[in-house]
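Engineer: Residue numbers (the working numbering), protein chains in the order written: chain Y, 47 to 653; chain D, 47 to 653.
Protein chains: 2
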Amino acid sequence: MAYENTVIKDRLVKLREKMAQEGIDYYMMPTSDFHNSEYSADFFKVREYFCGFDGSNGTLVVSKDFAGMWTDGRYFIQAENQMKGTGVDLYKMMEPGVPTISEFLSKNMKEGEVLGFDGRVISTSIGLDLEEKLAKIKASFKIDKDLADDVWTDRPALPCHDMYVLSDELCGKSYKEKLSDVRKKMEEYGTKAHLLSKLDDIMWLTNLRGNDVECNPVALSYAYITMDEFILFVQEKEVTAEVKAYCDKVGIELKDYHELTAFLKDVKFEGDVLYDKRNTNFLTFKTLSEKAKEAGVELKNKDNPTELMKAIKNDTEIKNIREVYLKDSAKLTEFIYWVKTNVGKIPMTEYTAAMKLDGMRAQIPGFIELSFPTISAYNANAAMAHYEATEDNAAEVKAQGMLLVDSGATYMGGTTDVTRTIVVGEISDEIKKHYTATVCGMLQLGAAKFLEGCTGRNLDPLARGPLWDIDIDYNHGTGHGIGYMLNVHEGPHSIRWRYTPNAPEAVLEPGMIVSDEPGVYIEGSHGIRIENIVEVVKDTKNSYGQFLRLQHLTYVPIDLEAIDKKYMKPEQVKLLNDYHKAVYERILPLIEDEDVKAWLKEATREI
Amino acid sequence: MAYENTVIKDRLVKLREKMAQEGIDYYMMPTSDFHNSEYSADFFKVREYFCGFDGSNGTLVVSKDFAGMWTDGRYFIQAENQMKGTGVDLYKMMEPGVPTISEFLSKNMKEGEVLGFDGRVISTSIGLDLEEKLAKIKASFKIDKDLADDVWTDRPALPCHDMYVLSDELCGKSYKEKLSDVRKKMEEYGTKAHLLSKLDDIMWLTNLRGNDVECNPVALSYAYITMDEFILFVQEKEVTAEVKAYCDKVGIELKDYHELTAFLKDVKFEGDVLYDKRNTNFLTFKTLSEKAKEAGVELKNKDNPTELMKAIKNDTEIKNIREVYLKDSAKLTEFIYWVKTNVGKIPMTEYTAAMKLDGMRAQIPGFIELSFPTISAYNANAAMAHYEATEDNAAEVKAQGMLLVDSGATYMGGTTDVTRTIVVGEISDEIKKHYTATVCGMLQLGAAKFLEGCTGRNLDPLARGPLWDIDIDYNHGTGHGIGYMLNVHEGPHSIRWRYTPNAPEAVLEPGMIVSDEPGVYIEGSHGIRIENIVEVVKDTKNSYGQFLRLQHLTYVPIDLEAIDKKYMKPEQVKLLNDYHKAVYERILPLIEDEDVKAWLKEATREI
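(1) If the cut is a Cβ gap below 9 Å, which residues of chain Y does GLU234(D) touch?
(2) DSSP three-state label for MET23(Y), please.
(3) Kindly confirm or deny that the stretch 158 to 174 of chain D and the stretch 133 to 146 of chain D touch, where touching means at least three C-beta pairs closer than 8 Å.
(4) Can you give me the start and stop residues for the alpha helix (DSSP H) that MET355(D) sits inside?
(5) Is ALA659(Y) helix, strand or coil when you go by DSSP?
(6) Indicate the three-state DSSP secondary structure (helix, strand or coil) for MET115(D) in the structure shown.
(7) Looking at C-alpha atoms only, which residue of LYS615(Y), GLY104(Y), GLU363(Y), LEU621(Y) is the closest neighbour of SER220(Y)?
(8) CB GLU555(D) to CB ILE248(D), shorter than 8 Å?
(9) In angstroms, rounded to a whole number, what distance separates the CA positions of TYR121(Y) and LEU106(Y)?
(10) Using a threshold of 8 Å, state whether the C-beta atoms of GLU631(Y) and ASP246(Y) are closer than that.
(11) Between SER540(Y) and GLY557(Y), is the Cβ-Cβ spacing less than 8 Å?
(12) For my contact list, LEU450(D) and THR462(D) are in at a C-beta cut-off of 8 Å; report their separation, rounded to the angstrom.
(13) Let me check understanding here. Comparing Cα to Cα, which of LYS643(Y), ASP452(Y), LYS612(Y), VAL553(Y) lies closest to THR600(Y)?
(14) Specify the secondary structure class of GLU563(D) as computed by DSSP and reduced to three states.
(15) Note down, in chain order, all residues in the stretch 380 to 402 of chain Y with a beta-carbon under 8 Å from any beta-carbon belonging to chain D.
(16) Can you pull the DSSP bridge partners for TYR303(D)?
(17) If you reduce the DSSP assignment to three classes, tell me which class TYR268(Y) lands in.
(18) Measuring alpha carbon to alpha carbon, tell me which of PHE315(D), LYS244(D), MET430(D) ends up nearest GLU275(D).
(19) Report the rounded CA-to-CA distance for GLU437(D) versus ILE468(D), giving the unit in angstroms.
(20) Can you list the residues of chain D that GLY591(Y) reaches, using a CB-CB cut of under 9 Å?
(21) Where do the N-terminal and C-terminal ends of the alpha helix (DSSP H) with TYR371(D) fall, by residue?
(22) If we ignore side chains and look at the alpha-carbon of each, how far apart do ILE579(D) and ALA429(D) end up?
(23) Taking 8 Å as the threshold (beta carbon to beta carbon), is CYS500(Y) in contact with chain A?
(24) Touching or not, the stretch 92 to 100 of chain D and the stretch 191 to 207 of chain D, by the rule of three or more beta carbon pairs under 8 Å?
(25) Which residues in the same chain as CYS500(D) place their Cβ atom closer than 8 Å to its Cβ, once the five residues preceding and following it in sequence are excluded?
(26) Quick check on DSSP: helix, strand or coil for PHE150(D)?
(27) Can you give me the C-alpha to C-alpha distance between LYS110(Y) and GLY317(D), rounded to a whole angstrom?
(28) By the 10 Å Cβ neighbour count, where 16 or more other Cβ atoms means buried, how is THR330(D) classified, buried or exposed?
(29) Comparing C-alpha positions only, which one of LYS290(Y), ASP322(Y), VAL228(Y), MET401(Y) sits nearest to MET355(Y)?
(30) Can you round the beta-carbon distance between VAL673(Y) and ALA185(Y) to whole angstroms, since I take them to be within the 8 Å contact cut?
(31) Roughly how many whole angstroms lie between the Cα atoms of ALA125(Y) and PHE99(Y)?
(32) Residues of the stretch 540 to 557 of chain D in Cβ contact with chain Y at a cutoff of 8 Å, in chain order, please.
(33) Indicate the three-state DSSP secondary structure (helix, strand or coil) for TYR613(D) in the structure shown.
(34) Taking Cβ to Cβ, would you say LEU508(Y) is nearer than 8 Å to LEU491(Y)?
(35) Do VAL566(Y) and THR650(Y) have their CB atoms nearer than 8 Å?
(36) Can you have a look at HIS432(D) and say buried or exposed, based on whether 16 or more other CB atoms are within 10 angstroms of its CB?
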């Protein structure tokens, strides 16, 4: 008899009972928190609870006699294994003949039937698409019920951790100044109110921080802004006495996180309302739009003004970021030394190496948390885009090949992100060729000088050029923005090359910081990524405009054991030597151990 | 007493009489033919006739008691001079406080008043904007009257020159094959009819050519395409016996050029209609849309399918283009030799130098016409974007400084475009620095290797980089497409860097050809532009995608007298030496004169 996963089957039985009680024919469970955060807390893992699949992308749809889970190509094998015996069918997204969820529902739902989902975990664009499709077949939906709440009896609590206040000195700009800038933008757009749902934007604006999302120092929150009020919706328990005193002092009115919907149902709009469709969940959007219709005002969909303001770091932020990056660079340099001197001598796995690095970072004064789970991937594992070493599956790091380590942390004074691929033993000439080209790409982009007005699409080929020249590409962007004591990924700018019709691009502006991370990934063999963070700084200004250039924030040696000059142009050699000279000068004062100092000198020698 | 231009004043009196007769309160005269061609024939110079201003951009608006002419910053001084004593006011476009034409009309026209213009010389987007504005103030318009016709008694005739047929062998693809491709696209778009107004597209599709627009080998024409008919509207007198026989043979139905509007008023649409808003004049658009409304079908605004098809040159075209570019390059090389050996010895002006070059080109077998009026600009004149040397104003070319020559021709087998800046005497070190950077930019872009999917915005900084590095930019695009025995400027691709939200970009595809023309323009001092034409060719194809690269079509020496190695990176020196080696090898066999041969060897020497 085939294996049956009775745990999951029982859960689905209970879900279906609940659905019947609520008059819901199909129930949909995607993968998101209420704010479309990069990481979802356990509280939100409803889909995993009801089908067993725990990948980072998947949507489960359940009806009386059907259960199907949609996921993408990264997870077909994992999903099949994890859902064995559950009776849940796997729908392979983007495969020929496989319907999308909205196609499936359009075809299978009958007139008068009801689709249910928690409208807080569905994006507005997906919600609107479903609304349109359901209207065509005269089906309807219920979006205000989270059915898991009753069925999932041992559900983890909604994350709820103490918030804290950052001083104006640390932020470089007070909440009041920032709010005044936001209100100017609201006026410019002809709006009188603004609903802000994006957590890092709310944190940036209020100079508050929280701890409700893994690796993102943010509190679950919403903000409602008018020309004379600012209401912050957060869980009451998160508001420490310090936070309360600060809010009272600066004029932030506090309401409970769960009151937002009720509040919006009662609010009186005195003019058009600004919101950002990309970052507003469907329930909030629907509540807003009903209210706006009632009040005869318009909902204006614009990028949150805070997004661009947050991306352009002020002088204080930049000063602190530069310092923090030097400390973080010095620590990573010490880690590289540790790996190189210990590999083959002590037991070392991808996992233990990552633990070692995380522990070293935690010793840096002002350390708050990792900015993302450290990626530590040995040899062929480094070629896998979504490889994650756990304690159990981690490969042993031997004195052969390379270890790719992508890591970073948030400190008082900044959030870091850096990747080095460390030679731990013999490597082939092919690897040296790939490594050298990757380094040349990183350095070429890092040395870019350009006119204000350029976007990442203009600059991306500088990083890819040396790889394209040897018939290689990498299937990811070259660069993303990074927050200030905030999320390690932020917009609106990026460094990518592909053209997408009508996709907005953000111009690179002085004060922005962005990653510069080309790579080579050869399946079954090796993976290389070299990532520095660079800042956009002003150069000459003349009648042609304002020239800008990129300037490194990261100062960690490039592994010369993997560099072969024969693959470099003379000016690329110069870029590398110049960079290494700067690494040595800036990092040396931060390193105490004499052995590491001696090694650093050698590791940054002129070639 | 102030000077009065009685000639213009009398013309305006007659125009106003005509306006009164027709019940027109305001009459508007822009600068365009019926097809928005780059060059307008004398027949279309109505604005110039009624106000005296003959610049390339201007719109005249006349009412009973007002006459105003709108033009841009290039022409403020010229317009003021030319319109002196005419009573016509100058409206300086884009200057603070100056209304646009539609703002002016919105403010000054009264309810019930009528705006008149020839709807064939107004673009659809301008027409629609005016329509909306006039509706708001309850004014209306008449678009089917060309009032100049009656008033301008000695008006030049509409251009009307013999058309001719290109063989399928010369075109590489028959009209029938091309038509079949167009019909496939029409089907893809769900349309049953397609109105084509763009002259070079019509010529490309039919393998016909004409001579109605200066430097563009095109006939004034429209094409109406359905799934079983192809109607070509051309002036009857242009249809030679050869053209008639060809059309009969391939199934092109001929109607008179002037019958289009009447035809469209009678036509029966059997489905949606494809048209390209950018290239359809307002009268045609209005006729089409009324008819579509009547028939209950939709007008679908899409880029003409012919635009992209035309841009991707087929193997025959590429083969012929390569040959033609070599011949053209050899002739320009001979010209450079002539300039260098004769300057300071014989009388030479910008104008006579251009005449010399034009005459030399005309000797190349297969020469048809210049592809644009040759630009010949000496020293500081070369810094002016719109400088045009005429016989009267041309500067004398002395044995000092540089002569910039931008020129090209259409031959049986291709259309060329090339710019060289020729050293004719002493030049400063600053000029050498600028010249060297310009050459490096041209060569760097010309050596680009990239993945299919790139657009010109990804590549433009390769050309600008060496100039940006020395705080210099140029205020024009880096590259434009070029027709095959057609217009010297064609889309859809280009090489530009600036981001314009929602502006479509065309991906660079194998078979496209594009110019590569960086420059430096220092007002009052010097102007440098170096332009090669390059083709997009396939390189490696692997799991990352199809790699492409650029390859030179132009092989003309770069002036080594203006190159200083101290301003070059080693690989830029290599690019220049490699290019010069190719120039020597390819051009030498085409040159007969022993002195030129000897000079060529020296001019392409390794540095």
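Don't be surprised by glycine CBs; every beta carbon is placed ideally from N, CA and C.
Structural biologist: Taking the structure as given:
(1) For the purposes of this step, residue 234(D) is identified with residue 188 of the second sequence, where counting begins at 1. Correct list: empty, because the minimum Cβ distance to chain Y is about 17 Å.
(2) In the structure as shown, chain Y begins at 47 and stops at 653. Residue 23(Y) is therefore absent and cannot be evaluated.
(3) no
(4) For the purposes of this step, residue 355(D) is taken as the residue at position 309 of the second sequence. Segment 351 to 357, the alpha helix (DSSP H) holding MET355(D).
(5) Within the shown structure, residues of chain Y are numbered from 47 to 653, placing residue 659(Y) beyond reach of any answer.
(6) As a first step, residue 115(D) is located in the second sequence; it is residue number 69 there, counting from the start. Correct three-state label for MET115(D): strand.
(7) Numbered from 1 along the first sequence, position 174 holds the residue referred to as residue 220(Y). Among LYS615(Y), GLY104(Y), GLU363(Y), LEU621(Y), the Cα nearest to that of SER220(Y) belongs to GLU363(Y).
(8) Numbered from its first residue, the second sequence carries residue 555(D) at position 509. Numbered from its first residue, the second sequence carries residue 248(D) at position 202. Cβ atoms of GLU555(D) and ILE248(D): not closer than 8 Å.
(9) Here residue 121(Y) corresponds to residue number 75 of the first sequence, with the count starting at 1. Here residue 106(Y) corresponds to residue number 60 of the first sequence, with the count starting at 1. Distance between the alpha carbons of TYR121(Y) and LEU106(Y) is about 14 Å.
(10) As a working note, residue 631(Y) is residue 585 in the first sequence. As a working note, residue 246(Y) is residue 200 in the first sequence. Against a cut-off of 8 Å, the Cβ pair of ASP246(Y) and GLU631(Y) comes out as no contact.
(11) Here residue 540(Y) is taken as the residue at index 494 of the first sequence, counted from 1. Here residue 557(Y) is taken as the residue at index 511 of the first sequence, counted from 1. Not a contact, by the Cβ cut-off of 8 Å.
(12) As a first step, residue 450(D) must be located in the second sequence, where it is residue number 404. As a first step, residue 462(D) must be located in the second sequence, where it is residue number 416. In fact, because the Cβ distance is near 17 Å, the residues do not count as touching under 8 Å.
(13) Counting from one through the first sequence, the residue named residue 600(Y) turns up at place 554. With distances taken between Cα atoms, THR600(Y) lies closest to ASP452(Y).
(14) Reading the second sequence from its first residue, position 517 is the one you call residue 563(D). Reduced to three states, the DSSP call for GLU563(D) is coil.
(15) none
(16) Taking the first residue of the second sequence as position 1, residue 303(D) is located at position 257. DSSP output for TYR303(D) lists no bridge partner at all.
(17) The residue given as residue 268(Y) occupies position 222 in the first sequence. TYR268(Y): strand per DSSP, three-state reduction.
(18) As a position in the second sequence, residue 275(D) is number 229, starting the count at 1. Nearest option by C-alpha distance: PHE315(D).
(19) Residue numbering aside, residue 437(D) sits at position 391 when the second sequence is read from its first letter. Residue numbering aside, residue 468(D) sits at position 422 when the second sequence is read from its first letter. In a straight line, the C-alpha of GLU437(D) is about 21 Å away from that of ILE468(D).
(20) Taking the first residue of the first sequence as 1, we reach residue 591(Y) at position 545. Chain D residues near GLY591(Y): ASP519.
(21) As a position in the second sequence, residue 371(D) is number 325, starting the count at 1. First-last of the alpha helix (DSSP H) with TYR371(D): 361 to 388.
(22) As a position in the second sequence, residue 579(D) is number 533, starting the count at 1. As a position in the second sequence, residue 429(D) is number 383, starting the count at 1. Those two C-alpha atoms are separated by around 22 Å.
(23) The chain labelled as chain A is not found among the protein chains of the depicted structure, namely Y and D.
(24) yes
(25) In the second sequence, counting from the first residue as 1, residue 500(D) sits at position 454. These residues qualify, in order along the chain: VAL553, LEU554, LEU594.
(26) Numbered from its first residue, the second sequence carries residue 150(D) at position 104. The answer is helix: DSSP assigns PHE150(D) an H, G or I state.
(27) Locating residue 110(Y) in the first sequence gives position 64, where the first residue counts as 1. Locating residue 317(D) in the second sequence gives position 271, where the first residue counts as 1. So the alpha carbons of these two residues sit roughly 45 Å apart.
(28) As a first step, residue 330(D) must be located in the second sequence, where it is residue number 284. Classification of THR330(D): buried, given that the 10 Å Cβ count is 16 or more.
(29) Start at 1 with the first residue of the first sequence, and residue 355(Y) comes out as number 309. Checking every option, the nearest Cα to that of MET355(Y) belongs to VAL228(Y).
(30) Nothing about residue 673(Y) can be reported from this structure: the residues present for chain Y run from 47 to 653 only.
(31) Locating residue 125(Y) in the first sequence gives position 79, where the first residue counts as 1. Locating residue 99(Y) in the first sequence gives position 53, where the first residue counts as 1. Between ALA125(Y) and PHE99(Y), the C-alpha separation is close to 5 Å.
(32) TRP543, ARG544, TYR545, PRO547, ASN548, PRO550, GLU551, VAL553
(33) As a first step, residue 613(D) must be located in the second sequence, where it is residue number 567. Residue state, collapsed to three classes: helix.
(34) Start at 1 with the first residue of the first sequence, and residue 508(Y) comes out as number 462. Start at 1 with the first residue of the first sequence, and residue 491(Y) comes out as number 445. Cβ atoms of LEU508(Y) and LEU491(Y): closer than 8 Å.
(35) Here residue 566(Y) is taken as the residue at index 520 of the first sequence, counted from 1. Here residue 650(Y) is taken as the residue at index 604 of the first sequence, counted from 1. No, these two residues do not count as a Cβ contact at 8 Å.
(36) Counted from its first residue, the second sequence places residue 432(D) at position 386. Under this definition HIS432(D) is an exposed residue.
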